[in-house]
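Everything below concerns the one structure shown next.
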Amino acid sequence: MLFKVEMTVNIPKDLPTAEADAIKLKEKNYSQELQEAGIWVHLWRVVGQYSNVSIFDVRDNAHLHEVLTGLPLYPFMKMNVVALCQHPSSIK
1 MLFKVEMTVN IPKDLPTAEA DAIKLKEKNY SQELQEAGIW VHLWRVVGQY
51 SNVSIFDVRD NAHLHEVLTG LPLYPFMKMN VVALCQHPSS IK
């Protein structure tokens with residue numbers, strides 16, 4: 001199943017820099033593992049924002065929930081999730 005997920009990150013200003021940096025490093029490693037596994041199919045930065053638009057290819061809704069809640073930055077994110085399906089005019 002394909003999903004478009006828009007993520008906006010808002011790390012609290014009072015979170016110590018070292019802690020924030022450690023969380024971001026874990027996030028990067030986890031996201032790259034998901035990309036290598038073919039689960040996190042696309043990842044785009046939104047210009048001028050601490051946001052991204054991503055495409056996930058997962059087994060089902062529960063799998064997506066597991067993947068997203070496993071993100072180290074999840075507690076600091078606002079997400080918008082949209083299920084996708086093949087467009088009848090697509091040649092792919």
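Per the UniProt record's numbering, the very first residue in the sequence shown carries number 1; after that it's consecutive. Don't be surprised by glycine CBs; every beta carbon is placed ideally from N, CA and C.
(request) Going by DSSP, name the residue or residues bridged to alanine 83. (result) Phe3
(request) Within its chain, find whatever has a CB closer than 6 Å to the CB of leucine 34; leave out the 5 residues flanking it on each side and keep chain order. (result) Trp40
(message) One question on the structure: do phenylalanine 56 and isoleucine 11 come within less than 8 Å of each other, judged by their Cβ atoms?
(response) no
(request) Let me know the beta strand (DSSP E) ranges lying completely inside the UniProt domain "Muconolactone isomerase" (1-89), each 3 residues or longer, listed in chain order. (result) 2-9, 40-45, 51-57 and 77-84
(request) Report back the beta-carbon spacing between residue 156 and lysine 78 to the nearest angstrom; my notes put them in contact at under 8 Å. (result) As shown, the chain starts at 1 and ends at 92. That puts residue 156 outside it, with no answer to give.
(request) Give the single residue among Lys13, His42 and Ser90 whose Cα lies nearest to the Cα of lysine 4. (result) His42
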